[in-house]
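> Could you have a look at this structure, given as structure tokens, before my questions?
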Amino acid sequence: MDEMLSGGFPEGHIVLLSGNTGTGKTTFGMQFLVEGMKRDEPALFVNLEEPTPQVKKTAEAHNWDFEDYEKRGLLRFVTPNLVDTYPDRFLHKVKNAADETNADRMVIDSVSSIPSAEMDVNDLRELFVELNSILKARGITCIATHLARPMFSENPSSIFGPTRASNSRLSSLTDGIILLRYIEKENEINKTINVLKMRGSKHSKKIREFDITEEGVEIGESLAKINRAT
Ligand SMILES: Nc1ncnc2c1ncn2[C@@H]1O[C@H](COP(=O)(O)OP(=O)(O)OP(=O)(O)O)[C@@H](O)[C@H]1O
Ligand SMILES: [Mg+2]
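Heads up, the sequence shown is in the numbering used here, so the first residue is 16 and it goes up one at a time.
Structure follows, in structure tokens:
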């Protein structure tokens, strides 16, 4: 990933990690935090999707000891109740946690869960603007996962389908976009990753295959030929 990004995510960036269900968004996010925590960089996991014990269990399968990181004060789970959460209450919670932990890295899993009875897409946009200033002021680098709806395209290698998934115009509010996609290859469903945009970075334009193993996200060769992307 560092190679694809010529050195990694620029500090203070919000990066949208967009992909269909099961492409590995949560795993990617967890690994991003783990790589920081190994270097004693405190992390926030804004957990809006899975119960926290389940996240910890998944981490365990990759030999990432989230319990231990939590005990050592390197990891904090933030779990806003989305049913009655207004944008300012959500931001207040995140800001407090960021200040208390002195976080360097953050994952929001996932922003697709945020629009609710109390928060529509416009509120989400506003929330992102506010979040941006909170993160930039503190130098926190953030991955926000995003559930891209399955979109089959006439043109198998088209990337316009998945990018259209960010139809709440979130894409222009983020500093970077990474796409995770399924491809069909020799009777197997494999996954690809590519950097669609990364402000201020000379990033790779290549589409690479990747896999999720016990070690986490493993990025492989660039793709010679795509059969079908979703
Ligand atoms: N320990 C493991 N070893 C190998 N592969 C794993 C392991 N754990 C998970 N996976 C793979 O990762 C996939 C799920 O990854 P993850 O939960 O990160 O996806 P996601 O994009 O967050 O999905 P969702 O949209 O449902 O939240 C599984 O479907 C499985 O293929
Ligand atoms: Mg997930």
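Glycine included, C-beta positions come from ideal geometry on N, C-alpha and C.
Which one of F92, Y84, I193 and E233 has the shortest CA to CA distance from E65?
Of F92, Y84, I193 and E233, the residue nearest in Cα terms is F92.
> Less than 7 Å separating the beta-carbons of I192 and K212?
Yes, these two residues count as a Cβ contact at 7 Å.
> Can you list, in chain order, every residue whose CB sits closer than 7 Å to a heavy atom of ligand 2?
Every residue passing the under-7 Å Cβ criterion appears here: K40, T41, E64, E65, D124, S125 and T160.
> Tell me whether the beta-carbon of L90 lies closer than 7 Å to the beta-carbon of A58.
A contact, by the Cβ cut-off of 7 Å.
> Under three-state DSSP, which class holds K212?
Of the three classes helix, strand and coil, the one that applies to K212 here is strand, per DSSP.
> Would the C-beta of T207 count as close to ligand 1, meaning under 6 Å from any of its heavy atoms?
False, no ligand heavy atom lies under 6 Å from that Cβ.
> Please state if the CB of T189 and the CB of S31 are separated by a distance shorter than 7 Å.
The question names Ser, yet the displayed sequence has Leu at residue 31. Result yes, Cβ atoms of L31 and T189 sit closer than 7 Å.
> Let me know if S127 comes out buried or exposed under the rule of 16 or more other beta-carbons within 10 Å of its beta-carbon.
S127 is buried by the Cβ-count criterion.
> How many whole angstroms separate the CB atoms of R195 and K40, which I take to be in contact at a CB cut-off of 8 Å?
Checking the sequence shown, residue 195 turns out to be Leu, not Arg. Right, their Cβ atoms sit about 6 Å apart.
> Please classify K206 as buried or exposed, where buried requires at least 16 neighbouring CB atoms within 10 angstroms.
Its Cβ being crowded by 16 or more others within 10 Å, K206 is buried.
> Within a Cβ cutoff of 7 Å, which residues of the same chain sit near L162, ignoring the five residues on either side of it in sequence?
Answer for L162: T36, S125 and S127, listed in chain order.
> If you draw a straight line from the alpha carbon of D135 to that of P95, how long is it in whole angstroms?
Distance between the alpha carbons of D135 and P95 is about 16 Å.
> What residues match up with S237 in a beta bridge as DSSP calls it?
S237 pairs with R223.
> Sorry if obvious, but does the Cβ on T94 come closer than 6 Å to a heavy atom of ligand 1?
Not under cutoff, so the answer is no.
> Could you name the residues of the same chain whose beta carbon sits closer than 6 Å to that of I129, not counting the 5 residues immediately before and after it, in chain order?
If we look at I129 and ignore the five residues flanking it on each side, its Cβ neighbours are L139.
> Just the Cα atoms here: how many angstroms apart are L97 and G44?
In a straight line, the C-alpha of L97 is about 20 Å away from that of G44.
> Do you know how far the Cα of E201 is from the Cα of I158?
Those two C-alpha atoms are separated by around 32 Å.
> Buried or exposed, going by whether 16 or more other CB atoms sit within 10 Å of the CB of T160?
Label assigned to T160: buried.
> Do you know how far the Cα of F143 is from the Cα of L185?
Roughly 8 Å separates the two Cα atoms.
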